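Just below is one structure, and these are the notes that go with it.
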Amino acid sequence: MSLLDFVNLPDVKQELNRILPDYQRNQRVVRIVEPRNDDGGIRRTIGTAFDYAFRIELERRIGRVQQKSWVAEAGLANLKRRARVSPTLARILRAAGLPYRRTRRLGPTIRKVEAAIRDARAFTKRYVRNPSPRSPTKLKLAAHAFRLARLDAIYRAGRHDKLFVKPKASDLEEIVTMLDAVPWASFKKRRTCLNPTFGEFSQAVGGADADVITGDMLLDIKVKQDAIIDKADIRQVVGYLLLARAARRSGAKLPELKTIGIYFARHSHLWTASVAEMVAKSEFAEVEAWFIERVMVNGP
């Protein structure tokens, strides 16, 4: 179960709603990057690809970041495990109600995925050393990010069909346009962690990983058509915040978070809320303790 699914369980939703920060649902900002592809699946891929491109570009601008492995790499590990599962075990897993499908002849797919990740890592290593990448190089970044986003599906949903769908030129241009619109000064902090996870607390909710911690801000990136903050969006970010605070208390090398933020990529708009104002609520300590206990009961 993902963190988003978890925070929308009826009992979890009810508790988290008690401590959510004040927010304006409609941010009333102009969309400056229009979606160009009508395919909903490709739009979602573009959103995930922008997440990858954003983090790589942020690393280039900062120079040194703390970074976890890519989700695409976890997807490759899942694919390799699937290739090793026997038919008998696959039947047992399905009988137990787990959505597990054993797929034969994964060798060629695994080799393609390995090559895609290897190429993306090599490109990223060069890219972050480039003091001023030009448009063709940024388009290559977008292409690698798009490919990595497709590989995420292996980890997020256990699927490996349509992994190597080629993007249209307009898809890549869209990613680069959003990248060029980012107000980087808001995110260039000396201490930055990309794809932070929160130890055992993350494992209990599907390996939950946030997008970025930059300075003392926990940031979630949204590539939505409208700059609308849904209550589910806020619950998700607050969920990451509570996981991060629990991990920090357990010794994880994480900063004391003072701000949560949602960045709307199509609008070049950053919404933020103060953690101190949330913590000051009389219900906060009770809800935080309840939430972490509920997370651990959920189990890895």
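The working numbering puts the first residue of the sequence shown at 17, with every later residue one more than the last.
Positions of the beta carbon are idealized from the N, C-alpha and C atoms, including for glycine.
Because the structure is a prediction, the values reported are computed rather than measured.
CB contact flag (L19, G222, <9 Å): Looking up residue 19 in the sequence shown gives position 3. Looking up residue 222 in the sequence shown gives position 206. It is a contact, given that the beta carbons lie within the stated cut-off.
Buried or exposed by the 16-neighbour rule on C-beta atoms within 10 Å, applied to N146: On the sequence shown, position 130 is the one that residue 146 refers to. It counts as exposed.
Segment limits, alpha helix (DSSP H) that includes L66: In the sequence shown, residue 66 corresponds to position 50, counting from 1. Inspection of the sequence shows that residue 66 is occupied by Phe rather than by Leu. Segment 56 to 78, the alpha helix (DSSP H) holding F66.
M233 - containing beta strand (DSSP E), residue span: What you label residue 233 is simply residue 217 of the sequence shown in a count that begins at 1. Its beta strand (DSSP E) spans residues 233 to 238.
Buried or exposed (CB count within 10 angstroms, at least 16 for buried), Q252: The residue you call residue 252 lines up with position 236 of the sequence shown. Label assigned to Q252: buried.
Rounded separation between G63 and I278 - CA only: Taking the sequence shown and counting its residues from 1, the one referred to as residue 63 is at position 47. Taking the sequence shown and counting its residues from 1, the one referred to as residue 278 is at position 262. Rounded to the nearest angstrom, the two C-alpha atoms are 14 Å apart.
Nearest neighbour of D187, chosen from E216, R52, N42, N24 [CA to CA]: One-based indexing of the sequence shown puts residue 187 at position 171. Taking only the C-alpha atoms, the option nearest D187 is R52.
Contact the segment 192 to 209 vs the segment 240 to 249: 3+ CB pairs below 8 Å: no
Three-state secondary structure assigned by DSSP to W306: For the purposes of this step, residue 306 is identified with residue 290 of the sequence shown, where counting begins at 1. Three-state DSSP puts W306 in a helix.
Straight-line gap, Y68 to I35 (C-alpha atoms, nearest Å): Against the sequence shown, residue 68 aligns to sequence position 52. Against the sequence shown, residue 35 aligns to sequence position 19. Computed Cα separation, rounded: 30 Å.
Simplified DSSP assignment, three categories, for F180: On the sequence shown, position 164 is the one that residue 180 refers to. It is coil, neither helix nor strand.
Buried versus exposed, by CB contacts within 10 Å (16 or more), D168: Along the sequence shown, read from residue 1 onward, the residue named residue 168 stands at position 152. By the neighbour-count rule (16 or more Cβ atoms within 10 Å), D168 is buried.
Buried/exposed call for N211, threshold 16 Cβ in 10 Å: Taking the sequence shown and counting its residues from 1, the one referred to as residue 211 is at position 195. With 16 or more other Cβ atoms within 10 Å, it is buried.
Burial state of K96 (16 or more Cβ within 10 Å): For the purposes of this step, residue 96 is taken as residue 80 along the sequence shown, with counting starting at 1. By the neighbour-count rule (16 or more Cβ atoms within 10 Å), K96 is not buried but exposed.
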